[in-house]
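Enquirer: The structure is given below, and queries will be raised subsequently.
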Amino acid sequence: MADEVREAKVRVLVVDDEPQILRALRINLNARGFDVTTASSGAGALTAAGQTNPQVIVLDLGLPDIDGFTVLAGLRGWTNVPVIVLSARTDSSDKVQALDAGADDYVTKPFGMEEFLARLRAAVRRGSVATESSEPVVETDAFTVDLRAKQVIRAGHPVHLTPTEWGVLELLVRNEGKLVGQRDILTHVWGPSYGTQSNYLRVYLASLRRKLEIDPTTPRHLLTEAGMGYRFVR
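Per UniProt numbering, the sequence shown starts with residue 1, numbered consecutively.
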């Protein structure tokens with residue numbers, strides 16, 4: 001199994017405010033061929049998740065800025081990536097709450113490294129099956145978005161998008177039909193410190209419409225909800 005993981009180079013995001021936990025997991029996961037990103041706060045976790053697109057997330061509940069449940073809710077707003085909660089909270093109500101909120105597994109501290117790694121591998125396998133069984137291509141009358149390939153096709157040709165343009169488009173497409181707030185998009189794509197910079201969105205949405213819409217002045221798929229946010233519809 002270790003050889004398989006090395007070949008796949010699975011991306012893992014580990015979120016914990018205890019430096020010794022982060023260090024231990026980073027060393028152990030790196031030694032087994034995982035590609036590890038770490039974060040020590042809730043805001044850092046949300047930013048890192050958007051930037052690195054991890055295949056599994058290890059999440060502590062007791063974070064210094066944002067409660068782990070809030071982070072989990074934020075993640076589930078746009079991704080189904082497997083999340084393993086790693087927490088010192090042993091009360092069954094916390095476990096039930098975490099699982100109901102969308103966690104895939106719950107590991108209590110202190111924990112055995114080999115058991116933890118087995119749970120991690122199982123979560124990765126479940127996530128891979130879910131991804132393979134889902135339909136990652138979204139088609140409109142003007143363009144097609146391939147979420148797995150991270151590519152947009154229009155009139156039979158790939159459309160060049162910058163990483164930021166793709167980040168905005170992907171978030172909207174994954175929330176098809178739903179209003180995505182300006183602050184949510186800014187925080188997801190640019191980071192928590194950009195939550196009020198709505199001018200960024202106007203610029204990038206205008207660029208996306210020029211590249212994707214048949215008539216950018218009258219968009220049919222990338223819609224603006226004045227003062228609130230944006231919505232993608234087919």
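Every residue gets a Cβ at the ideal spot worked out from N, C-alpha and C, and that includes glycine. Every value quoted in this text rests on a predicted model; they were computed, and no experiment measured them.
In the DSSP output, what is Leu222 paired with across the bridge?
Expert: Leu222 is bridged to Phe232.
Enquirer: Just to confirm my understanding: we take Phe69, look at its own chain, exclude 5 residues before and 5 after, and list those with CB closer than 8 angstroms. What are they?
Expert: So the list reads Leu61, Gln97, Ala98 and Ala101, once near-sequence residues are dropped.
Enquirer: Exposed or buried, what is Ile27 when buried is set at 16 or more other beta-carbons lying within 10 Å of its beta-carbon?
Expert: Exposed, since its Cβ has fewer than 16 Cβ neighbours within 10 Å.
Enquirer: Could you give the residue range of the alpha helix (DSSP H) that holds His188?
Expert: Per DSSP, His188 belongs to the alpha helix (DSSP H) from Gln182 to Val189.
Enquirer: Within the present structure, is the beta-carbon of Leu29 separated from the nearest heavy atom of the ligand NAD by less than 7 angstroms?
Expert: Annotation note on the ligand NAD: not contained in the displayed structure, which lists no ligands.
Enquirer: Would Val12 pass as a contact of Val83 if the rule is Cβ separation under 8 angstroms?
Expert: Their beta carbons are not under 8 angstroms apart, which means Val12 does not touch Val83 by this criterion.
Enquirer: For Tyr106, list the residues DSSP reports as bridge partners.
Expert: Answer is Val85.
Enquirer: Considering only the alpha carbon of each residue, which of Lys211, Leu120 and Arg183 lies closest to Val152?
Expert: The shortest Cα separation from Val152 among Lys211, Leu120 and Arg183 belongs to Lys211.
Enquirer: Assign Gln182 to buried or exposed, taking buried as 16 or more other Cβ atoms, counted over all protein chains shown, within 10 Å of its Cβ.
Expert: Looking at its Cβ environment, which holds 16 or more other Cβ atoms inside 10 Å, Gln182 is buried.
Enquirer: Restricting to Cα atoms, I'd like to know which of Arg126, Tyr200, Gly44 and Leu179 is closest to Val71.
Expert: Residue Gly44 is the option with its Cα nearest to Val71.
Enquirer: Using DSSP bridges, identify the partner residues of Val138.
Expert: Beta-bridge pairing links Val138 to Val145.
Enquirer: Is the beta carbon of Leu179 closer than 8 angstroms to that of Gly229?
Expert: Yes.
Enquirer: Closest to Leu22 by CA distance: which of Ala39, Val138, Asp35 and Glu225 is it?
Expert: Looking at the Cα atoms, Ala39 is the closest of the given residues.
Enquirer: With respect to the beta strand (DSSP E) encompassing Asp100, which residues constitute its N-terminal and C-terminal limits?
Expert: Premise fails: Asp100 lies in the alpha helix (DSSP H), Ser92 to Asp100, not in any beta strand (DSSP E).
Enquirer: Take Leu223 and list the residues in its own chain whose beta-carbon comes closer than 8 angstroms to its own, dropping the five residues that flank it on each side.
Expert: So the list reads Tyr230, Arg231, Phe232 and Val233, once near-sequence residues are dropped.
Enquirer: Could you check how far apart the C-beta atoms of Val81 and Gly50 are, in whole angstroms? I think they sit under 8 angstroms.
Expert: Actually they do not touch by this definition, with Cβ atoms about 11 angstroms apart.
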